[in-house]
Structures are given as C-alpha cells and as structure tokens.
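Read through the structure below, which is laid out as structure tokens, and then see the notes.
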Amino acid sequence: MERQVVERAREAFLSGKTRVLEFRLQQLRSLQKMITDRQAEIATALKQDINRSQYDTALFELIGIENEITLAVGKLGEWAAPRPVEKNLLTISDEVYVQPEPLGVVLIIGAWNYPWSLTLQPLIGAIAAGNAAVVKPSELSEHSSLLLRALLPRYLDQELYPVVTGGVPETQELLKQRFDHVFYTGNSTVGKVVMAAVARHLTPVTLELGGKSPCYIDKNCDLRVACRRITWGKFANCGQTCIAPDYILCEPSIQSRVVEAIRQTLLEFYGADTKSSPDYGRIINLRHFHRVMSLIEGYTAVLGGQSDPSQCYIAPTVLKDVPPHSRLMQEEIFGPVLPIVTVSDMDDAIHFINEREKPLALYIFCSDKTAVKKMIAETSSGGVTVNDVMMHYTLSSLPFGGVGQSGTGRYHGKHTFDQLSHQRACLVRSLGMEAVNLARYPPQDRRRARRARLALRSPMIDFSKRTFVWAVSATVVAFGLVVTLTVILLIASGLNCTCWYWEGWYT
Amino acid sequence: MSREQIAVERARKAFLTGRSKPLEIHQLKNLANFLVEKQSEIADAKKDLNKSEVGTQLYETLGLEGEIGLAVKKLKEWAAPRPVEKNLLTISDTVYIQPEPLGVVLVIGAWNYPWAVTIQPLIGAIAAGNACVVKPSEVCVHTAQVMETLLPLYIDKELYPVVTGGVMETQELLRQRFDHVFYTGNSAVGRLVMEAAAKHLTPVTLELGGKSPCYIDKNCDVPMACRRVTWGKYTNCGQTCIAPDYILCEPSIQEQVIQEVQKSIKAFYTENPKSCPDYGRIINQRHFKRIMAMSEGSTIAVGGDNDESECYIAPTVLRNVKPGSKVMQEEIFGPLLPIMTVSGLDEAIQTINQGEKPLALYVFSPDDKVIKRMIAETSSGGVLANDCLVHYSVSALPFGGVGNSGMGCYHGKFSFDQLSHLRACLIKQLKMEGVNDMRYPPHTAKKLGWARFFILKNPDLGWLARMGLLACLVVVAAVLLQNYFL
C-alpha cells in the first residue's frame, strides 16, 4: 500500500504540475485555509492527545505555521528565481547562476510532541520547493494523526501530498521505498535507523533530533526574570519539547534562590493546584510516563514530585544537587523534571557541556557580553538563545537544526526551501570566443600553460551590487575632490574664478 | 588499537586543543607552498596515469592554488558572524549565524584527479577550522605515497594526518567516529560510506558520478561544439567524473559530428595518440577490461585500437548506439564516446529523464530557448551550455550531484559552509519582561491576540529604514533650499 502511494506521488510529480509557481502558491493558501477553518478541531485533537490548552496550541503551533505559510507565499517568487553568482575573468561574458529545482518526492516523518508544527512546517517547504511529499504523522499523537489524514486531502492535492498513518511496520515499509529526500523529526536512535535505511537509495536526509539542552545561569544575572523564562520553556507542553531547557547549571550559592524563583513562577502560571490548571499538559502516554518517573526514582524533589498515572500527570518537578552521573543526566528527559547541577563557575560549566554530546539548543543567562561570547565560542550546539529560552525557534531567518547527535540539516523560512531543493549550478556560454580556450587544448606546452595559468588564476571580479555602489560613489567623491582641489589651487594662485559665475548672475 | 584508530584519536585530541582555529591561514599558506615547491614530485604522479607535467599543473594544482588563494583572502569574511533579518519580537536583539568547525572530518579521495579531489576538500576543512584525516585512493599508488611522505612536512601532521591503505583500511576508518565524511568516488561505495556514517549520525558529502549526457543541437556550430566535446571527453583518457559520457544528436548531423570529433582528436593527439605525451592511459587493467567489454555490440566509427600491456585505449567514437547496449548501462569513465540518435529536443529530454540524474549535463545550441527548455525539463548536478567541464573551475558555483550523482556540494565558500556548522544565535536581554507576558500562562484570548500581532506582523524593516532615510534626506534638502537658495 505504501509503495502505491509513493508511486502515485512520483507520477503526480513527474506530470510537472508542481513546476508552476502559481500551483504551489494555491496549495499553500489552501493549507492556510485549513489551519484557519479547522482551528477548533485541531485544538480538540491536541487536547485529547496531550492535554494541550487551546491557547498553547495556537501559540506554539498554529501561529508558527501561519507565519511560515505567509512568508513562503510572499517570497516564493524570489526564492525560486535563478540566483546569479560572482563571475571571474573566464566567465565574464557568460550567464552564471544557481537554479533552485525540486528534488522530487520527499518523505516527512513527524513527531508527536508538536504534531502539527513538526509535520506541516517541513511540508510547507516541500510544497514551496515544488516537490511531492508523503506525510507520515506520528502514531503516538493518535487523534492529530487521524485528523490530519482526514483533513489534508480535502485541502491539498491528494496524489501529490498523501498522508500515510501507521506505526513502526508502516514506517519501515515507507523507508524501503525510494525518496529524493527524507525529513525526520524524532530521537537519535530512530534517526540512525532512518539514515541507514535511506543510504541504500543514496537519499539525502534532514534529521531533527534532540539531546540534553543545557541552561547555564550566571550568579550575577537577574534571577527572577531568568527563572521565569526558564520555567515557561521547561514546563510548556509538560516538558515535551525538543528545545526545552533540559537541565540547569549554576553555582551552589544561587541554587536556593533559583528554586524559590521557579516556585513562585509556577504558582503564578499554574496556580496552587497544577493538576487542575487548564494550561498544564500531560505526558503523551503511560510508557513515557513511566520512563520519566523512573528517572527521578530515588531522588527527593525540592519542588513537585507528585504524579498520577491514571492521567499521565507529573507535577512540575525540580531537583537540587543532582549528581552528573545519575540516570537523570544520561538521557534527554523530555518531561516536566528540571534537575539542577552545580558547577563552580562558567569554565566548569563549559567543561561540563563539552563532555557531553552536542545538544540541539544551549541557553545562557548572563548579563556579561564577554562571558556570553566566550561560552558560545567554546561550546557547540544546534542553536543558542541567550537570556531566554526557545526563542531562536521563532525567527524564520535563523536556520533551525542540530549538529552531531542532535541532528543534521536545518529548516525554517527560506532554509526549508533550500534544504528541499537542489541548487543546480548553471553556466551558459557561447560557442564564440574560442580564442580564449586555445590555451587549454593539447598539444600542451609551457607557453600555453602559462597563458592558461593566468586565465584560471585571474582574481574574481566582484560584480556584486555593493561593489558597484562603492565604485560609483568613490568615483563621484574623487571627482568632487579633484574639482574642489582645482578651484582652491586657482584661487590660491590669484585667479578669482568664481567671479565668472557671479558675473553671469548679475547681468 | 589499529593505526587508523590512533590517527583519528590523535586528530580529535589535536582539534580539542583549539589550535585548528587561529592557525588556519598559516596552514593554508603552507599548503600552497607545498604545491609550488614540490611541483615535480607531484607531477611524478604521471606514473599513475601517464599525465604530462603540464597536464597535471593545468588540471590539478592550478585549481588548488586558486582555491587556497580564495580561502586565504576571504577566510575572515566567511568565518565572521552573519547577521540575519529580524522580526518585531527580536527588534532589539542581536541575531546572527555563527559558522563553527564541526570537529574531525574524513576526506576519502579518488584516483582520477588524486590531487584535486583529495586536497580541495582538505582546503575547505582547514579553512573551516576542522581537523582532517586524509585518505587518498590506493589505486594511484605513487600519488598516495607522495602525499603521505610530503604533506606532513608542510601542514600539522596531527591535525591533518594522511592515512594510506586499501579497502580494509578504509573500512576501519569508517568504523571510527567523524563529524563529517567527504567521499569522492562511485555510487556503490557511496552507499556503503553513508551506511557506515549513519551509525554515528555523521553527515556526509558524496561526490559521485553518472552518465553525463551531451546534447548537440543540429543548428549549432558543429565543428566548434565537437572540438570542445573532444577536449572534455578525452582529457585524462575519459576518466573525469564530469566528462561528457555520451552524445545525443539528430541522425542528420551524426556523420558530421563523427568527422569533426575525429579531426579534433587528430589535432590534439596527433595521428598516433599512443605516442603522444598529452594522451593518458587507463588507470589499471581491471578498468581497461571493464571499458573494453563495454564497447561490445556497438559499431566503432573512430579509433578502437588498444593495447592491454600499456592500458592504452585509443580515443574511440561509437555510432548509432542503442539505449539497451552495454555501453549505455553504466558510467563509461573511459575514452569511448557513444553517439545516440534522437529525433529532436523532446526525445533527448525524454532519454535523459529515463536515466538517473547525472552529475553534469551538457547542451550545445545557439538558441537560448532550447537551452532554457533543456535546463527546465531535466535535472542534474550542474549544467553547462556550449562547453564542457569548465563549470568546475568557477568557485562561485556549487559543485555537487543530486540523486545518484551525489549529495552536498563544495568549491570556494561552499566548501567552507559544507564543513562548518552554521549555528543560529539569538542574544536577548533580561529586560523588557513585560513583552513576554503574552506567552505566559494563565492564557487568555487577549494575550493570544497580542502574540499573533507580534509574530505575524512582519513589517519589512529594511524598507522602513530606507523610507526613513529618504524622509530625512527630503527634510534636509527642503531646509537647504529654503535657507540658501530661495
């Protein structure tokens, strides 16, 4: 069944429908309509899947999707146009440009924590780039997955953008088919399996994985504000966010203040009884519930710790003085548990972070610009947000992606378009000007080689607009200076040349 | 621990000391010195491929010197933070992309242009601040030896070790963990490399190959076109990943094409290419046999003579080749030039699209419309109209394949970007906390309204700034006019 779906998508792609920009724009606008019209149904599905509040859904998913569609619709003409590049002496009279082209059929494997965002955002890029796309939402967010399967065919071309639901066997069957790009969001273990599977077809991949995103709090920063932001990022969606601050690193002297600030913020956000707050989510299923609970086994929480398996509810939990080698610090938590690990200073924190795999995000709370620069320079991560959490995700001009174990490739905004396109190098020459080519033909001799050497090593003449503007303004300024200099010299030598001008004026 | 493991671990330790970052320009300049000072040793590699010294210089080291020069000149610009467009929410923040080194890169070279395809990725790796393990192809024995002995004399031997060896050693290397693997070679091994890299979630760049079609329009200047095709095809005895693999043309010009190619062959390589110093040899007997077997079943129009003892195959043209013939089943990578006749541009496009996406596509036509149509209705790594091979030497163009011909691209700044991590950085302040209220629970419809406004309203800040500047200039002009001229 999966094979047929992929074959149909390929046939639809080969028909050339998607080459026309207008078609892509129409599909994108239709997708926008789906989001706007069906908001309520989407929010209901998410409530059933993960107890997400209606507002959080809009805030975290729908607004982001809308933003991406608006951007794509507005900029598609520009993104899909040929991109001229710098020429050199050899190509001075040629057309040299990079032409973005669709890849073909893309496979998008979504995740369950933000089932709409993580499935539709890559889809937006795939549509914009002119590809067909097979969408495979995560089976763990069951209601969203079924809703997507019901809705998408009503708004988008059914053959070009089919939705395939199912679990592991269906995904494995899909991965046996040949795609032109596979976009996977999820965990590293499955990421490795995906990459190995597609290697057979030499299919490029984008892997948006995860990791333990560290959050360093400097002792001299405004703790109240810092902890407020961290609390928001950590406990939104019940900690099930790939870029949630996984753990805190701070000096022992401020640990208690951090805990207190978090406690106050939790009260402010969710009230005294978190369980009954409409804004606090749930763990996706029992398996993950038990996974998270087992991580805190044996520890006494300094905040929270309560749980209710019948609701997959875990209270916002904070743990102090967590040992670096505990289980809690070995895997990505992906839940509402916030360990605090103490470090002696920033250098110690940098050392701690570098001992571990490169995370998807790094958070630094510090008012000292130099210290911040140092931390960024001496660590690596997918992205960095300083003095806040998660916000680098919301700016579409920033590429969003991981490095090392946290992933490969990136997307958002134009980056999605580029990631799902082939940037084809195009050089259009003429059959004239053969004299220039003579040096390259055999029989080769030293003299010819020298000429070829000169031609090939010519500096690239910068034809960019910036240089042109600079050149023109420099010429104008130089000319002006020359004129001024001449006038000054003439006046100095006694000639009252300006009177010639005024004479005309008076008569 | 195996030799390969030791080399990789030493490279990683050397990388972690942080010394690969500030020393880049120094190392690149040393590499340039190496290419100039050891010119004759490098050219000695003609033993491997019967390349003339001048030929080596032209095709390999010149390009490298150019790339090094470019990298040295532009490194500061490439490695600097790259500011990006902001939105209303981030208007007072610092937002940029910071290029960073990945770590330890593995470069696996090929045998056809052993210097170019092994050192060029190395240049990108060094420029990006990585450590790099260089594994030259074992097929060109002498070149590998020269690299192993001489390279450590010029560049840091712990950061950039050369590991020689065959299949076993390469497999051992691929078991180690790298931060990027850069492979040039064929698709079959490309798959294995990617599978091995998947175990460590290592990103890969694969520069593979394919059958690069060459369409000659009947209305073009056929002698000129054939001259360029002949040069592109028989350089390095056809062993170039972007050599025009086969010709597509209408039956009416086939004879003319054959004659013109023959003329060019004579002009370039004399009546007896075997004794011409500019004509190469097949790399080894295995490939010789492979290529000879391919010509079975096709009609030879030009050439055809060969000498197994010297791995010599004459520049050969095959006429009226059928799509099902042996020579059309895989990349030739040798001096056989099949001509397949097609009824016109439509059939040519159809034929090209039936095969895998090639690394390069060539189209010879004076008509821009034909060229544009060919580009729009096919796909390939790169396209070159009215010439062969030279798009490789334009460093502003990304060089790479698509589909079976590869993934990733390099040359010039693209090498730097390919072997860097482009890290998104957002620097906010701990002030203006009031703005954030709209995102915090308890949620209300009003807060959501504000959030929508800030995220979705994306005024073009650049346009606003320009309009503001214009307004200021108009005010200044008005003031001047009023006070001094009226």
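Same order as they appear, the protein sequences are chains V and B.
363 is the number that the working numbering gives to position 363 of the first sequence; each next residue is one higher, with no gaps.
921 is the number that the working numbering gives to position 414 of the second sequence; each next residue is one higher, with no gaps.
The beta-carbon is built from N, C-alpha and C at its ideal position, and this holds for glycine as well.
Shortest alpha-carbon distance to Q792/B belongs to which of Y947/B, Y819/B, V768/B, A808/B? Residue Y819/B is the option with its Cα nearest to Q792/B.
6 Å CB neighbourhood of P82/V in its chain, flanking five on each side removed: Answer for P82/V: Y97, Q99, listed in chain order.
If we cut at 9 Å on Cβ distances, does L338/V have a partner in chain B? No, no contact with chain B.
Leaving aside the five residues before and after D686/B along the sequence, list all residues of the same chain whose C-beta is less than 6 Å from its C-beta, in chain order. Cβ within range, chain order: L609, G610, V611.
Name the residue from G697/B, D812/B, M701/B whose alpha carbon lies nearest to the alpha carbon of L715/B. Sorting G697/B, D812/B, M701/B by C-alpha distance to the C-alpha of L715/B places G697/B at the top.
So, under 8 Å CB-CB, Y114/V and L31/V are touching, yes? Tell me the CB distance rounded to an integer number of Å. Contact doesn't hold; Cβ gap of about 17 Å is too wide.
Which whole-angstrom value describes the C-beta separation of H898/B and L427/V, a residue pair presumed to lie in contact below a C-beta threshold of 8 Å? Confirmed, about 4 Å.
What number of angstroms, rounded off, separates the C-alpha of I248/V from the C-alpha of G16/V? Separation of I248/V and G16/V (C-alpha to C-alpha, rounded to the nearest whole angstrom) is 51 Å.
So that I know if they touch, is there some Cβ in chain B lying closer than 9 Å to that of L267/V? Interface annotation, L267/V: not in contact with chain B, CB-CB separation never under 9 Å.
Got a sec, what are the start and stop residues for the beta strand (DSSP E) V624/B sits in? That residue, V624/B, is in no beta strand (DSSP E); its alpha helix (DSSP H) goes 621-634.
Going along the chain, which unbroken runs of the beta strand (DSSP E) with 3 or more residues stay wholly within the segment 844-904 of chain B? Taken in chain order, the whole beta strand (DSSP E) runs of length 3 or more contained in the segment 844-904 of chain B are 867-871, 889-892.
K275/V to A931/B span [Cα, whole Å]: When rounded, the distance between both Cα atoms is 36 Å.
CB-CB under 6 Å to I254/V, same chain, minus the five flanking residues each way: which ones, in chain order? The residues are K219.
Sort out for me which residues DSSP pairs Y184/V with in a bridge. DSSP lists I109/V, L207/V as partners of Y184/V.
Own chain residues within Cβ distance below 6 Å of L295/V, not counting five before or after: Only R327, L328 meet the Cβ criterion.
Inside the segment 730-756 of chain B only - beta strand (DSSP E) runs reaching at least 3 residues: With a minimum length of 3 residues, the continuous beta strand (DSSP E) runs that stay inside the segment 730-756 of chain B are 753-756.
Does the beta carbon of K954/B sit closer than 9 Å to a beta carbon anywhere in chain V? Closer than 9 Å to some Cβ of chain V, the Cβ of K954/B qualifies, so yes.
Would you mind working out which of I882/B, G956/B, G941/B sits nearest P102/V, comparing C-alpha positions? Checking every option, the nearest Cα to that of P102/V belongs to I882/B.
Give me the chain B residues within the contact set of S380/V, using Cβ-Cβ distance strictly less than 9 Å, ordered along the chain. Result: E607, P608, L609, G610, H928, R930.
Can you tell which of E61/V, K75/V, M34/V has its C-alpha closest to the C-alpha of H415/V? The residue with the shortest Cα to Cα distance from H415/V is K75/V.
Exposed or buried, which one is C470/V when buried takes at least 16 other CB atoms within 10 Å? In the sequence as displayed, the identity of residue 470/V is Trp instead of Cys. With fewer than 16 Cβ atoms within 10 Å of its Cβ, W470/V is classed as exposed.
Q158/V in three-state terms, based on DSSP: DSSP places Q158/V in coil when its eight states are reduced to three.
Considering only C-alpha positions, which residue in the set T524/B, P590/B, V849/B is nearest to L397/V? What sits at residue 397/V in the sequence shown is Ser, not Leu. For S397/V, the nearest C-alpha among the options comes from P590/B.
Mind checking which residues open and close the beta strand (DSSP E) that includes E607/B? Start and end: 601-608.
Measuring alpha carbon to alpha carbon, tell me which of Y690/B, K580/B, E702/B, V579/B ends up nearest C916/B. When only C-alpha atoms are compared, the closest one is Y690/B.
CB contact check: M1/V to chain B, cutoff 9 Å: It does not; no Cβ of chain B falls within 9 Å.
May I ask which residues mark the beginning and end of the beta strand (DSSP E) holding S421/V? From DSSP, the beta strand (DSSP E) with S421/V extends over 421-428.
Have a look at A478/V and G969/B and give me their C-alpha separation to the nearest angstrom. Each residue's Cα considered, the two are about 29 Å apart.
When DSSP builds the beta bridges, which residues end up paired with V365/V? For the sequence presented, residue 365/V should be read as Phe rather than Val. I217/V.
Let me see if you follow: with CB-CB separation under 9 Å, is H794/B close to chain V or not? Not one chain V Cβ lies under 9 Å of H794/B.
Evaluate contact between the segment 533-541 of chain B and the segment 627-645 of chain B, counting only Cβ atoms and requiring at least three cross-stretch pairs below 8 Å. Cβ pair count under 8 Å is three or more, so yes.
Scan the segment 840-870 of chain B for residues whose Cβ lies nearer than 7 Å to a Cβ of chain V and list them as they occur along the chain. The segment 840-870 of chain B vs chain V, Cβ under 7 Å: nothing.
Residue nearest to S527/B in terms of C-alpha spacing, selected from K664/B, T601/B, M945/B: It is K664/B whose Cα lies nearest to the Cα of S527/B.
Run through chain V and tell me which residues come within less than 9 Å of V890/B, C-beta to C-beta. Within chain V, the residues Q99, R424, A425, C426, L427, V428 have their CB atoms less than 9 Å from the CB of V890/B, given in chain order.
In three-state terms, what does DSSP make of G913/B? Here DSSP, grouped into helix, strand and coil, assigns G913/B to strand.
Nearest chain V C-beta to I604/B closer than 9 Å, yes or no? The beta-carbon of I604/B is placed less than 9 Å from the nearest beta-carbon of chain V.
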